[in-house]
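Following our numbering from start to finish, the sequence shown increments by one per residue and tops out at 149.
From the three backbone atoms N, C-alpha and C, an ideal C-beta is built for every residue, glycine too.
Predicted model, so just to flag it, every value in this text is computed and none were measured.
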Amino acid sequence: MYVQLVYCMLPSKITDIYAKMWHLIKKLCTNESKPQNILMHFKLSVHNGVLRIFPNAQIKCCQFPLRYAWYRQFRKLRLKIEYDKIESEISISNWLNNFFELAFLSFTEISDAFYELFSIAPDHDGDPSFDPINDIRRQMIREIRSG
């Protein structure tokens, strides 16, 4: 069980701001705090910020924010309708649910996991403009470029 200890309102979502936040938290804990495990949401700038202050900490990703972010993207990419359908053993909803498990992989395993997910993508008979693999790839590229 995890207990949320701190709530912070930050002016932006960049690594330097997160590092300053963690530095202040460490200072408030009389600099004795050396956490072994830190549970946080799945965002690279947050991870980089915490590792600047606690370089030996093991980062664990919280699945809820990742699941929520993916679900928002599914809706944005018109996947919500398909997600709600139960059509086959390998329905689009079962396939998309696999993305939520990425939070439990190490960074070195994620690339292979994406290739695996794309290799088992279900065929979609119907709207030829419906292409979940390319929709997800395009959205990921946009997210990476926007930081």
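Please classify residue i as buried or exposed, where buried requires at least 16 neighbouring CB atoms within 10 angstroms.
| i | result |
| --- | --- |
| Val-48 | buried |
| Leu-30 | exposed |
| Ala-98 | In the sequence on display, residue 98 carries Leu and not Ala. When all chains shown are included, Leu-98 counts as buried. |
| Ser-90 | The predicted model places Ser-90 with a pLDDT of 47, which falls under 50 and marks its position as unreliable, so this point remains unresolved. |
| Ile-138 | buried |
| Ser-121 | exposed |
Of the residues the options, which one's Cα is nearest the Cα of residue i?
| i | options | result |
| --- | --- | --- |
| Leu-107 | Ser-121, Arg-139, Thr-32 and Gln-60 | Gln-60 |
| Phe-56 | Ser-35, Pro-13 and Thr-17 | Ser-35 |
| Asn-96 | Ala-123, Tyr-117 and Met-11 | Ala-123 |
| Arg-54 | Phe-109, Asn-100, Arg-140 and Leu-26 | Leu-26 |
| Asn-58 | Pro-37, Asp-114, Leu-7 and Leu-12 | Pro-37 |
| Phe-41 | Asn-100, Thr-110 and Leu-7 | What sits at residue 41 in the sequence shown is Leu, not Phe. Closest option to Leu-41, Cα to Cα, is Leu-7. |
| Gln-75 | Asn-136, Met-11, Tyr-117 and Pro-13 | Asn-136 |
Pick helix, strand or coil for residue i, following the three-state DSSP scheme.
| i | result |
| --- | --- |
| Ile-16 | coil |
| Leu-107 | coil |
| Leu-7 | coil |
| Asn-136 | helix |
| Ile-122 | coil |
| Asn-58 | coil |
Since I believe residue j is in contact with residue i (beta carbons under 8 Å), could you give me their beta-carbon distance rounded to a whole number of angstroms?
| i | j | result |
| --- | --- | --- |
| Lys-22 | Asn-39 | No, Lys-22 and Asn-39 are not in contact; Cβ-Cβ is about 22 Å, not under 8 Å. |
| Tyr-9 | Gly-51 | Not a contact, Cβ separation roughly 16 Å. |
| Ile-112 | Leu-104 | 6 Å |
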